[in-house]
Amino acid sequence: MDVQKLKGLLGIPEEDDSRDPQLAFILEDARETILNYCNIEELPEGLVNTAYRMAMDLFRNENVGQAEAAAGSVSSLSEGDTSVSFHQSVDEAFKDTILKDYRPSLNRYRKAVFR
Numbered sequence: 199m200d201v202q203k204l205k206g207l208l209g210i211p212e213e214d215d216s217r218d219p220q221l222a223f224i225l226e227d228a229r230e231t232i233l234n235y236c237n238i239e240e241l242p243e244g245l246v247n248t249a250y251r252m253a254m255d256l257f258r259n260e261n262v263g264q265a266e267a268a269a270g271s272v273s274s275l276s277e278g279d280t281s282v283s284f285h286q287s288v289d290e291a292f293k294d295t296i297l298k299d300y301r302p303s304l305n306r307y308r309k310a311v312f313r
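With this note's numbering, you'll find the sequence shown wraps up at 313, consecutive numbering, no jumps.
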């Protein structure tokens, strides 16, 4: 998998290398998630595009490269005595959705492991 291809898919200019370390991490994380879920040693050709789609979702939703996670969206705001409430955080909202969205594709390559 290639950082340059991921940049193109995300609409990041090819010459912008400021996010390359984060993009490389995200690609490796998507690959590792697939290998662990499928109980396989190498990424099959049939899952390469799935890995890129997972990496794109991770980049857009996980705030990689930022010291703090993004806050959830505002659910209510009061002015008298100032009160702000947020929906669940991005982490809580995004939890486990990476696999949920891609399980049908991944299950075709998943191997059973008996322990």
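We put the beta carbon where it would ideally sit given N, CA and C, even for glycine.
Can you grab the Cα-Cα spacing for the pair residue i / residue j, in whole Å?
i      : j      : result
Asp214 : Gln202 : 10 Å
Arg229 : Leu241 : 7 Å
Lys298 : Glu239 : 21 Å
Leu204 : Arg251 : 9 Å
Arg313 : Gly209 : 43 Å
Ser216 : Glu243 : 29 Å
I'd like to check one pair, residue j with residue i: are the Cβ atoms closer than 8 Å?
i      : j      : result
Ala253 : Ile224 : yes
Asn237 : Arg308 : yes
With a CB to CB cut of under 8 Å and the five nearest residues on each side skipped, what residues in its chain are close to residue i?
i      : result
Val262 : Gln220, Phe223, Ile224, Leu256
Pro211 : Lys205
Relative to the C-alpha of residue i, which residue among the options is closest?
i      : options                        : result
Leu207 : Lys309, Leu233, Tyr300, Asn247 : Asn247
Ile232 : Val311, Arg313, Asn305         : Asn305
Glu226 : Met199, Asp279, Arg313, Tyr300 : Met199
Ser303 : Lys205, Leu245, Leu204         : Leu245
Glu260 : Glu243, Ile210, Ile296         : Ile296
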